[in-house]
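Q:
Numbering (the working numbering), first residue to last: 1 to 114.
Printed below as a string of structure tokens:
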């Protein structure tokens with residue numbers, strides 16, 4: 001069954017009402033964001049930080065200068081979260097792909113190994 005971002009954000013807010021949550025995504029995901037469940041609600045209630053990608057994506061005009069969308073600067077890497085998940089599922093090395101804290105958390109929680 002799908003795990004929708006809006007549902008996760010709502011649960012996080014219920015559990016941690018005093019925190020402010022930001023959604024972080026690659027530029028490639030923003031290109032398809034309008035297709036997400038409750039995309040308008042997400043954009044209305046949360047800030048979205050967008051990381052640049054090697055392959056420039058076609059972004060809808062309404063997202064380019066949207067006040068809730070924060071375009072970040074950073075080194076452009078040929079790496080995606082889906083690639084990291086595939087590495088983990090295939091029992092391949094991924095430690096060098098993520099920060100040590102992230103590796104420890106993924107390993108302890110046994111994420112993506114199903």
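We put the beta carbon where it would ideally sit given N, CA and C, even for glycine. Just so we're clear, the structure is a prediction, and the values are computed from it rather than from any experiment.
Measure the C-alpha to C-alpha separation of residue 7 and residue 57 and round it to an integer number of angstroms.
A: Their Cα atoms are separated by approximately 26 Å.
Q: In angstroms, rounded to a whole number, what distance separates the CA positions of residue 70 and residue 16?
A: C-alpha separation (whole angstroms): 23 Å.
Q: Are the beta-carbon atoms belonging to residue 52 and residue 76 less than 7 Å from one another?
A: For residue 52 and residue 76, yes; Cβs fall inside 7 Å.
Q: Distance check for residue 92 and residue 39, CA to CA, integer angstroms please.
A: Approximately 34 Å, taken between the alpha carbons.
Q: Taking the straight line between their C-alpha atoms, what separation do you get for residue 50 and residue 44?
A: Those two C-alpha atoms are separated by around 16 Å.
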